[in-house]
Amino acid sequence: MADYTVKNLADSLAVMQLFQQKRKELSFTEIGSALKMNKTRLFRILSTLMEFNIIEQSGDNYTLGWKLFEIGQAVPLMRGFKLNTHDILRELTDETGETANLGILVGNEILFIDSAEPNQTLNASFKKGTRLPAHLTSIGKAILSGLDEVKLKQLFSHDQFVRYTPQSVGSFGELLLQLNEVRQQGWAFDDQECYEGVRCLACPVRDHTGNITCAVSISGPATRIHKNNMEGLATRLKQVSRQFSGILGWHGSDQK
Numbered sequence: 001m002a003d004y005t006v007k008n009l010a011d012s013l014a015v016m017q018l019f020q021q022k023r024k025e026l027s028f029t030e031i032g033s034a035l036k037m038n039k040t041r042l043f044r045i046l047s048t049l050m051e052f053n054i055i056e057q058s059g060d061n062y063t064l065g066w067k068l069f070e071i072g073q074a075v076p077l078m079r080g081f082k083l084n085t086h087d088i089l090r091e092l093t094d095e096t097g098e099t100a101n102l103g104i105l106v107g108n109e110i111l112f113i114d115s116a117e118p119n120q121t122l123n124a125s126f127k128k129g130t131r132l133p134a135h136l137t138s139i140g141k142a143i144l145s146g147l148d149e150v151k152l153k154q155l156f157s158h159d160q161f162v163r164y165t166p167q168s169v170g171s172f173g174e175l176l177l178q179l180n181e182v183r184q185q186g187w188a189f190d191d192q193e194c195y196e197g198v199r200c201l202a203c204p205v206r207d208h209t210g211n212i213t214c215a216v217s218i219s220g221p222a223t224r225i226h227k228n229n230m231e232g233l234a235t236r237l238k239q240v241s242r243q244f245s246g247i248l249g250w251h252g253s254d255q256k
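Take 1 as the starting number for the sequence shown in UniProt numbering and just add one per residue.
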């Protein structure tokens, strides 16, 4: 097996594993000393990893980059969600009469990875592979509620808060207020913020460590999702999110 090892790739992986072991920022000297790597080679490896956002530089130190978080999001989904998530979404759709969705965070966007549509002429469907701004969707806000303000600032800049509708989140401060509400009540709401006439509710799904890794949502016409049935839909959605979290190994409370 060693005969097929690519030296540059092996050294790059060694750098990443070092951060995993140390769980802190490391200086250039600390990395080189720990891996017994010469300065020229280490500089080239770090430069390449930074180019792909695998490693980030913070002053004189280095730390793992945001790209690894994005990649890590997909791991539990691929390992634990293969068999029965769609069946659960289908059941949720049949119960509520609305579209059920599953989505993950990719950068500052939401990627819809599965959905189940109701047998109704009028519905709010998001096809698998659809991407939407995270701050304008209930799935996005449910996942973002698990991030601290520092990570949120890394994801969003002021010029990214373009309004899709009059109800859209228009600033970072407004987003923070909404995320605090999500943390308190355990579910997120999109009140026609991405599309006029469409409302969505979402609950976060946690992996075995308790971290939010994706979110499940219900989307439908505003004429059918309103204040009279919202609490009931949110309660059912929480049950489904706990079911998904259980598949990923999380059996704790909704709040970490």
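Even for Gly, the Cβ is constructed at its ideal location relative to N, Cα and C.
- Here the C-alpha atom of phenylalanine 189 lies approximately 20 Å from the C-alpha atom of glutamate 149.
- With a threshold of 16 other beta carbon atoms within 10 Å, leucine 26 meets it and is buried.
- A distance below 6 Å between beta-carbons, with the five flanking residues on each side excluded, links leucine 175 to the following residues of its chain, in chain order: His135 and Val169.
- In the DSSP assignment, threonine 63 forms a beta bridge with Glu56.
- Taking a contact to require three or more Cβ pairs closer than 8 Å, the region 127-141 and the region 104-112 qualify as touching.
- Here isoleucine 218 really is in contact with threonine 96; their C-beta atoms are around 6 Å apart, less than 8 Å.
- At a Cβ-Cβ threshold of 8 Å, alanine 124 and threonine 93 do not count as neighbours.
- The beta carbon of glutamine 160 sits closer than 7 Å to those of Asn108, all from its chain and outside the five residues before and after it, given in chain order.
- Under the three-state reduction of DSSP output, aspartate 191 falls in the strand class.
- A direct Cα-Cα distance of roughly 27 Å separates leucine 105 from glycine 59.
- DSSP, read as helix, strand or coil, puts leucine 248 in coil.
- For the pair of segments examined, the region 150-157 was found not to touch the region 208-226: the number of CB pairs separated by less than 8 Å stays below three.
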